[in-house]
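Asks:
Residue numbers (the working numbering): 8 to 82.
The structure is reproduced here in structure tokens:
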């Protein structure tokens, strides 16, 4: 099943059916469906994954803020 998911994502890109962003959404949805099929998707794991995703996104946003501040100071 995991190999099918990988082939679906890469196949969608290579055959021009989806852009890389759309293929990423296909992969994310497929991953959630696989987790649900294997009964590994619990509310606790879902909450943890949302928290970790938000934390990583916040770190990347702080990198943008820091680089913009650095550029405005030294430009």
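Glycine included, every Cβ here is placed at the ideal spot set by N, Cα and C.
Do you know how far the Cα of residue 72 is from the Cα of residue 35?
Replies: 28 Å
Asks: Closest to residue 13 by C-alpha separation, out of 68, 69, 38, 43, would be which residue?
Replies: 38
Asks: What are the boundary residues of the alpha helix (DSSP H) that includes residue 38?
Replies: Residue 38 -> alpha helix (DSSP H) spans 27-44.
Asks: To the nearest angstrom, report how far apart residue 33 and residue 76 are at their CA atoms.
Replies: Each residue's Cα considered, the two are about 36 Å apart.
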